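Have a look at the structure below, then the notes.
There are 2 protein chains.
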Amino acid sequence: MAEPGGPVRDPETVSRFVEHFAAQLVEAGLPRMPARVFAALLASDTGVLTSAELGEQLKISPAAVSGAVRYLAQQHMVSREREPGSRRERYRVHGDQWYEALTNREAVIRRWEDALREGVTSLGADTPAGRRLAETLAFFEFVEKEVQTMMERWRAYREERFGRG
Amino acid sequence: MAEPGGPVRDPETVSRFVEHFAAQLVEAGLPRMPARVFAALLASDTGVLTSAELGEQLKISPAAVSGAVRYLAQQHMVSREREPGSRRERYRVHGDQWYEALTNREAVIRRWEDALREGVTSLGADTPAGRRLAETLAFFEFVEKEVQTMMERWRAYREERFGRG
DNA sequence: CCTTAACTTCACAAAATTCTGAAAGAAGCG
DNA sequence: CGCTTCTTTCAGAATTTTGTGAAGTTAAGG
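So the sequence lines, in the order shown, correspond to chains B and Y. With the numbering used here, the residue at position 151 of the first sequence is 1494, and numbering never jumps. With the numbering used here, the residue at position 79 of the second sequence is 1422, and numbering never jumps.
The following block contains the structure:
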């Protein structure tokens, strides 16, 4: 399908997917612009786009691209690369990297756990509320461990099914 | 510690925990009022509070309580009970129920999967972008299955460690 | 160095969200 | 049936978030 000289990718088809998938991400809590930029990268053939390409494709200002990309980089969902010998920056979705980011709410969970531990102590480990908090804490600790092993299983499964990315 | 006649719970200590934990939830994406209401329920001794109690404790209007509770109930994070023979409604965090809710982003994931499937088709399963989308789709399908078995392991572990809730 | 291309930061306008008071709506109880 | 108590809905004020244009910053290329 992909011809040598020119891509057959219909921009409108791509855009339809990008906006639709971005909308789902937004619904799940991601801010709008980061969601759109991320979807655009996912739907690109190389997985790499420049700031200009993103701005043009999504019809947004350079400032918006900048903000969205900063957000995504902080969440480790994309990485930024300097194109050698050029002022252009390139943004990339790297398969593995972003699965990990999705499940690596580690920092967030860690803070939940801290807050819960403090709650158990201050409310009293021997009170009903304290016991409820302790159980909740145990749940998060459990999940944290499980997610790690789950990702190991995923990597194995992925390699078997798709080969090395 | 909990005496028969009157609770020793220091309201200020409780409030400190409630606001702190709620703040973490907000940071993770939960709207403010639902987060505060939920934290208050978690920190209550019985796990049940009336609308009036919530309003008083959090210093918010009945309208705010109503909105927050509707949100939480939709997310299956609390359940509402009618106190028999009274106009009062009671809201409850039920241990199991809300762990499940946390991991049951099922509906959300389902929609992601749908969008991705459509993307694979419309961009072409044999294009680089299509392959990337297909792999992403595989990841979610994998996670969906894994989370289910993880929750089974949690229930087993929980029962062993805490006994029947 | 100076020019120029590319990205970033900042202040502000626009848009969306959030919470409240007020009014309306249910449901028990006499 | 009407009174009373509790909850929900609604319109609007206040706050927050978002995206832009414009100025500022960095670094390549002459």
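Where is the CB? At the ideal position from N, CA and C, for every residue including glycine. Nothing here was measured: the structure is a model prediction, and the numbers come from that model.
Which listed residue (the options) has its alpha carbon closest to that of residue i
i        : options                                   : result
Q1367(B) : L1385(Y), L1392(Y) and L1459(Y)           : L1459(Y)
D1457(Y) : L1373(Y), L1476(Y) and E1424(Y)           : L1476(Y)
E1487(Y) : A1499(Y), A1468(Y) and E1449(Y)           : E1449(Y)
R1474(Y) : D1469(B), T1389(B), Q1491(B) and G1398(B) : T1389(B)
M1420(Y) : A1411(Y), R1431(Y) and S1465(Y)           : A1411(Y)
A1365(B) : W1455(Y), T1492(Y) and R1496(Y)           : W1455(Y)
P1354(B) : Y1414(B), E1399(B) and E1503(B)           : E1399(B)
E1478(B) : A1481(Y), E1484(Y) and E1502(Y)           : E1502(Y)
F1482(B) : V1391(Y), Y1442(Y), V1357(Y) and T1393(Y) : Y1442(Y)
S1429(Y) : L1397(Y), T1393(Y), P1405(Y) and Q1418(Y) : T1393(Y)
L1509(B) : S1358(B), V1490(B), P1427(B) and D1469(B) : In the structure as shown, chain B starts at 1344 and stops at 1508, and residue 1509(B) therefore has no counterpart that could be examined.
I1452(B) : L1480(B), A1468(B), H1437(B) and D1439(B) : L1480(B)
R1431(Y) : A1395(Y), S1387(Y), Q1418(Y) and R1375(Y) : A1395(Y)
L1397(B) : Q1417(B), M1376(B) and A1416(B)           : M1376(B)
R1413(Y) : P1427(Y), Y1434(Y) and A1472(Y)           : Y1434(Y)
P1471(B) : E1362(Y), S1387(Y) and E1426(Y)           : S1387(Y)
R1504(B) : F1485(Y), G1467(Y), V1490(Y) and A1416(Y) : F1485(Y)
Q1440(Y) : Q1418(Y), E1426(Y) and R1425(Y)           : Q1418(Y)
Per-residue DSSP class, three states only, for residue i
i        : result
L1392(B) : strand
E1503(Y) : helix
P1347(B) : Any reading at P1347(B) must be qualified, since the residue scores a pLDDT of 47, below 50, and its modelled position is unreliable; the value itself is stated next. Looking at P1347(B) - three-state DSSP - the assignment turns out to be coil, as it is neither helix nor strand.
T1479(Y) : helix
D1336(Y) : This structure cannot speak to residue 1336(Y), because chain Y is shown only from 1344 to 1508.
G1473(Y) : helix
G1462(Y) : helix
R1359(B) : helix
R1496(Y) : helix
Distance cut-off 6 Å: residue i Cβ against heavy atoms of the ligand ZN
i        : result
V1391(Y) : You won't find the ligand ZN in this model; it holds no ligand whatsoever.
7 Å Cβ cutoff, residue i in contact with chain B
i        : result
M1493(Y) : yes
S1510(Y) : What is shown of chain Y runs 1344 to 1508, which leaves residue 1510(Y) out entirely.
R1433(Y) : no
V1391(Y) : no
G1372(Y) : yes
H1419(Y) : no
Q1364(Y) : It is Phe, not Gln, that sits at residue 1364(Y) in the sequence shown. Cβ-Cβ to chain B under 7 Å: yes for F1364(Y).
A1386(Y) : yes
Test: residue i CB closer than 7 Å to a CB of chain Y
i        : result
Q1440(B) : no
E1489(B) : yes
V1369(B) : no
E1478(B) : yes
T1464(B) : no
G1348(B) : Summary for G1348(B): the model assigns pLDDT 42, below 50, so the residue's position carries little reliability; its value from the coordinates is reported in the next sentence. So, not an interface residue.
R1454(B) : yes
A1472(B) : yes
M1344(B) : Residue placement at M1344(B) is poorly supported in this model, since its pLDDT is 49, which falls under 50; the coordinates are not used for a value here.
V1451(B) : yes
A1444(B) : no
F1381(B) : no
R1498(B) : no
F1505(B) : yes
A1458(B) : yes
F1485(B) : yes
Curious, which full-length alpha helix (DSSP H) runs of at least 4 residues does the region 1365–1453 of chain Y contain?
1375–1385, 1394–1401, 1405–1417 and 1438–1446
Are the region 1374–1381 of chain B and the region 1493–1500 of chain Y touching, with three or more C-beta to C-beta distances below 8 Å?
no
Does the region 1460–1467 of chain B come close enough to the region 1434–1446 of chain B to have 3 or more Cβ pairs within less than 8 Å?
no
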